[in-house]
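Undergrad: One structure coming up, written as structure tokens, with questions to follow.
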Amino acid sequence: MVQIIRRLTLAAAVAVASALSTTGAVAQNAPYPTKPIKLIIPYAPGGGTDAVAAVFSDKMAKKFGQPVVKENHAGSNSVIGTTLLADSAPDGHTLLVVTGAIANNPFLYAKLPYKTPESFVPVSILTAYPFVLGIRSGLPFKNMQELIDYAKANPGKLTAGTPGRGAGAQLALGLLNKSAGIQIREIPFKGAGDSLNNVAGGFVDMVFSGYETVRPFAESGKMKAFAHTGTGLLGSEKIPAIGDTVPDFEYQNWLALIAPAGTPAAVTDKLNRTLKEIFAEQDTKDRLAGQNIMGIASSSAEARNYLAKEMATSKTIIESIGLKPE
Amino acid sequence: MDFLNNLGLGFEAALSLNNLTFCFIGVLVGTAIGILPGLGPLATIAMLLPLTYSLEPVTGLIMISGIYYGAQYGGSTTAILVNLPGESSSVVSCLDGHQMARKGRAGAALAIAALGSFFAGTIATMLIAAFSPILAEVAFLFGPVEYFAMMVLGLTAATLLAHGSFIKGVAMVLTGLILGLVGADVNSGTYRFTFGSFSLTEGIEFVAVAMGLFAFTDIVTNIRGDQAREVTTPSLRNLWLNRREATEAAFPVIRGTAIGSVLGLLPGGGAMISSFASYAIEKRLAKRPQEFGHGAIAGLAGPEAANNAGAQTSFIPMLTLGIPSNGVMALMIGALMVHNIAPGPYVMVSNPEVFWGLIASMWIGNAMLVILNLPLIPLWVRLIQVHYWILYPIILTVCCVGLFSIENSLLPIYFAAGFTLVGCLFWRFRAEAAPLLLGFILGPLMEEHFRRALLLSNGDLAIFYQSPLSIVMLSIAAVMCLVIVLPQIRRGRSVAFTEDA
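Residue numbers (the working numbering), protein chains in the order written: chain G, -2 to 323; chain Z, 2 to 502.
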């Protein structure tokens, strides 16, 4: 009796879920996709990667007439989720949203369970965005030049939180130390959220993080956001680029959609076309612009070149800051 | 009376038929997944999140939060009836709740859990409404040093948790500590105790350890006993709390609510730690501490109130500052962003109907949970009368499905099997498994914060006595140690704690 009730409750929940998720779906006559698409996110739920994936996954589901199911498999700087993709059937029904971490990991992990880029087919670059440098309030500087002067006058005094080994923020910090000739000490955390809270609490001096994650702290006065790692002025606050003060400094984080090696070109082409349509829609543009993220729908070949170029850049940064594969 | 106006606005939003419906769906789904072991609220909410995109923002949030605190209720039910901690925060409810059930007081245990949680939920909701902006700042008082001090305090309290031998308690905490070290080290990224296996880089899965040590071990030892289950059949007339039980539960519930409300504000597992803290405190305060572990009412009522209050107040940092204190809160921020509502201090001003509507719905949801759960008690209680040969295969199957679904891999099931063997060994040794679990969770956190504090201070230990909060917590821990270690006092303790000798 009890079991029956339990089962009914669960069945009802599942039925409601599937009914709602396929509402508004328009069936199209195409050999792909023939079943729901699994979209792996190699990070914990609720992060920036999730937010961007949400922008296009719903629309993709409507256009394909098949649900796109997000699955979060966090861990080891995205290696766990990426391994799952590498072991999946190359039929386009399992896809992965990766960050720049995929280009860093080959130079950080001695024994990866997959090969980069041979185990994958890049489908499209999705977005590129700079980090904002969030500084805890109470420090005696208001711009990048003053920060560098302070760091030179007090070597080893400033600290920066990073989300852990191999994360983009760690590379951005290493690059800043290197190009400005300063020594800001790295304090690793488990994830970006932890590092942000510690800067807001005044325990750590600064953090490189996405615009949307620094903004609430900047608005409440717990952080100052006076520089970012891209080019030009960022957002309505017109945050200046670090590159204006430190020549040649630029670090862009990016997201890409990839599939397992051996996925047919017809499938990646169809995905590509669909993504291009989605990113051309005005409300997609608006949503991404609100987070100061640039939407890019590239061809598979462009994505492959982009990945190769990023791997070369990562290799240079990682070697220059003295990290070795383990 | 800004406060009343705000609440009025909130109830106006939350009492619309649409929002009430989704609140109900939320708590119903939440209770169901809380009862099913292994299925956590995080996975469920992640799965259902896309559905909320098509709803009004406040409706979506009401449903998600309903799932979250509904799961806390449901988790207690399984913990009490079949000794299975569905959530890490209900580990403590197993200790005395299940013992009560065995003694034929399952109905009373479930009623205490439901009513205690409702009381805690009500108070915590009022706190959120009245003090959100002020309380949010508490989270920022805790840096690496303060967290380390809190963990030391927690682990010291854990040795008090163990009934039976003090040495065994320490041994179990240390075993838990070592098991918790498996995986990548946060600071250097070096792998420890992974034996070259990639699946171990993220550590041993908590759910697998908990299921193996508690639920599966329980099943094995019961079957091994080869006797009629030592469960007193509850008579249906005897389901309700009697006056004595209600009196005994009252103060622990109030204390638990206070502890949970404060600890819930802290990022990272506040609800879980608060249930442990409440248990330790109740045991200290109890007139008959020897009853703990054998169905002490205070040992169930306090922690149940604490974890529910903690679950509620963990909304405060998210709502007021846009800072997630756990995975579920991170998902809610994601949901807000999808609706172009920027989480942060301005939500209260820019979207008051969302902010206050959500708060009002929490109280409504808590009331719904009591209405939903109390009439079901006779039904749940019958569950423990089901024969072994029906119940155990069902529990095992559901658990294995839950374990598999964590990472879509078989490994957690093997681990649970391994820990069942270990658990049976502990059972033979008469060593309590709860301190091991606490060491497993707190140990790695303690190390992480300790090393981070030293990184910040460039290796100078002085950093630990420069923070007043840290001094207070470390001193309490030191006093606790003295109390246990000082020989003559220890003799006194062993008299008070003699159970198994």
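Think of the CB as a built atom: it goes at the ideal place given N, C-alpha and C, for glycine as much as any other residue.
Give a yes or no on whether the minimum CB-CB distance between S262/Z and chain G is below 9 angstroms.
TA: Chain G contact via Cβ: absent.
Undergrad: Around the C-beta of P137/G, are 16 or more other C-beta atoms found within 10 angstroms, so that it is buried, or is it exposed?
TA: By the 10 Å Cβ count, P137/G comes out exposed.
Undergrad: Is there at least one Cβ from chain Z nearer than 9 angstroms to K221/G's Cβ?
TA: No, K221/G does not count as interfacial toward chain Z.
Undergrad: At least one CB of chain G closer than 9 angstroms to the CB of F12/Z: is that the case?
TA: It does not; no Cβ of chain G falls within 9 angstroms.
Undergrad: Using the beta-carbon of each residue, which ones in chain G are nearer than 8 angstroms to N19/Z?
TA: Those do not exist, as N19/Z stays about 14 angstroms from chain G at its closest Cβ, beyond 8 angstroms.
Undergrad: Would the stretch 263 to 277 of chain G count as touching the stretch 5 to 21 of chain Z if we require 3 or more Cβ pairs under 8 angstroms?
TA: These segments do not touch.
Undergrad: Let me make sure I understand the geometry here. Which of V211/G, I314/G, G229/G and Y111/G has the alpha-carbon closest to that of K221/G?
TA: The candidate whose alpha carbon is nearest that of K221/G is V211/G.
Undergrad: Going by the CB atoms, is the gap between G31/Z and A80/Z shorter than 9 angstroms?
TA: In this structure, G31/Z does not lie closer than 9 angstroms to A80/Z by Cβ.
Undergrad: Cβ of V402/Z less than 9 angstroms from any chain G Cβ?
TA: Chain G, which has no Cβ nearer than 9 angstroms to the Cβ of V402/Z, makes this no.
Undergrad: N101/G: which of A238/G, L168/G and L130/G sits nearest, CA to CA?
TA: If we check each option's Cα against that of N101/G, L168/G comes out closest.
Undergrad: Between the C-alpha atoms of E115/G and A307/Z, what's the straight-line distance to the nearest angstrom?
TA: Their Cα atoms are separated by approximately 51 angstroms.
Undergrad: Sorry if obvious, but does the Cβ on N269/G come closer than 8 angstroms to a heavy atom of the ligand GTP?
TA: The ligand content of the structure shown is nil, which means the ligand GTP is not present either.
Undergrad: Show which residues of chain G have a CB atom less than 9 angstroms away from the CB atom of L456/Z.
TA: Those within 9 angstroms of L456/Z in chain G are T156, R182, E183, I184 and P185.
Undergrad: Relative to the C-alpha of G358/Z, which candidate in N188/Z, L52/Z, G67/Z and L242/Z has its C-alpha closest?
TA: Cα-wise, what sits closest to G358/Z is G67/Z.
Undergrad: Would you please verify whether the beta carbon of N250/G is less than 9 angstroms from any beta carbon of chain Z?
TA: Judged by the 9 angstroms Cβ criterion, N250/G is not in contact with chain Z.
Undergrad: Distance cutoff 9 angstroms, beta carbons only. Does V23/G sit that close to anything in chain Z?
TA: Residue confidence for V23/G is low, a pLDDT of 37 falling below 50, so the modelled location carries little weight and cannot support an answer.
Undergrad: By alpha-carbon positions, which one of T157/Z, G197/Z, I477/Z and F132/Z ends up nearest to K108/G?
TA: Taking only the C-alpha atoms, the option nearest K108/G is G197/Z.
Undergrad: Let me know the secondary structure DSSP gives E381/Z once reduced to three states.
TA: According to the sequence shown, residue 381/Z is Trp rather than Glu. Looking at W381/Z - three-state DSSP - the assignment turns out to be helix.
Undergrad: Determine, using beta carbons only, whether V129/G comes closer than 9 angstroms to chain Z.
TA: Answer no: the Cβ-Cβ gap between V129/G and chain Z never drops below 9 angstroms.
Undergrad: Between T499/Z and chain G, is any beta-carbon pair separated by less than 9 angstroms?
TA: In this predicted model, T499/Z has a pLDDT of only 45, less than 50, meaning its place in the structure is not dependable enough to derive any value.
Undergrad: Among the candidates L285/G, L144/G, V120/G and S297/G, whose CA atom is the shortest distance from the CA of L173/G?
TA: With distances taken between Cα atoms, L173/G lies closest to L144/G.
Undergrad: Taking Cβ-Cβ distances shorter than 8 angstroms, what residues in chain G pair up with Y54/Z?
TA: By Cβ distance, chain G contributes A51 and D55.
Undergrad: Within 9 angstroms of any Cβ in chain Z, is that where the Cβ of A14/G sits?
TA: Note that A14/G scores 46 on pLDDT, short of 50, meaning its location in the model is unreliable and no value can be drawn from it.
Undergrad: Closest Cβ-Cβ distance between S189/Z and chain G: below 9 angstroms?
TA: So yes, S189/Z belongs to the interface.
Undergrad: Taking DSSP as the reference, what is the three-state secondary structure of Q320/G?
TA: Reading off the sequence, residue 320/G comes out as Leu, not Gln. Looking at L320/G - three-state DSSP - the assignment turns out to be coil, as it is neither helix nor strand.
Undergrad: Applying a beta-carbon distance threshold of less than 9 angstroms, which residues of chain Z neighbour E323/G?
TA: Ordered by position in chain Z, the residues that pass the 9 angstroms Cβ test against E323/G are S189, G190, T191 and Y192.
Undergrad: Whole angstroms are fine: how far does the CA of G170/Z sit from the CA of L56/Z?
TA: Each residue's alpha carbon lies about 50 angstroms from the other.
Undergrad: With a threshold of 8 angstroms, are at least 3 pairs of Cβ atoms found where one atom belongs to the stretch 201 to 209 of chain Z and the other to the stretch 455 to 467 of chain Z?
TA: No, because fewer than three Cβ pairs between the stretch 201 to 209 of chain Z and the stretch 455 to 467 of chain Z fall closer than 8 angstroms, the two stretches do not touch.
Undergrad: Does DSSP put A185/Z in a helix, in a strand, or in coil?
TA: Correct three-state label for A185/Z: strand.
Undergrad: With DSSP collapsed to three states, give me the class of L92/G.
TA: Strand at L92/G.
Undergrad: When DSSP labels each residue in this structure, what does W251/G get in the three-state scheme?
TA: Here W251/G sits in strand by DSSP.
Undergrad: Who are R193/Z's beta bridge partners in DSSP?
TA: Answer by DSSP bridge pairing, in chain order: G184/Z.
Undergrad: Kindly indicate if chain G contains any beta-carbon less than 9 angstroms away from that of G460/Z.
TA: So no, G460/Z is outside the interface.
Undergrad: Listing by chain order, which chain Z residues have their CB less than 8 angstroms from the CB of F246/G?
TA: Under the 8 angstroms cutoff, chain Z gives no residues; its nearest Cβ is about 25 angstroms from F246/G.
Undergrad: With Y147/G as the anchor, note down where its alpha helix (DSSP H) starts and where it stops.
TA: From DSSP, the alpha helix (DSSP H) with Y147/G extends over M141 to A150.
Undergrad: Using the C-alpha atoms, what's the distance from R245/Z back to C401/Z?
TA: Looking at the two C-alpha atoms, the distance is approximately 40 angstroms.
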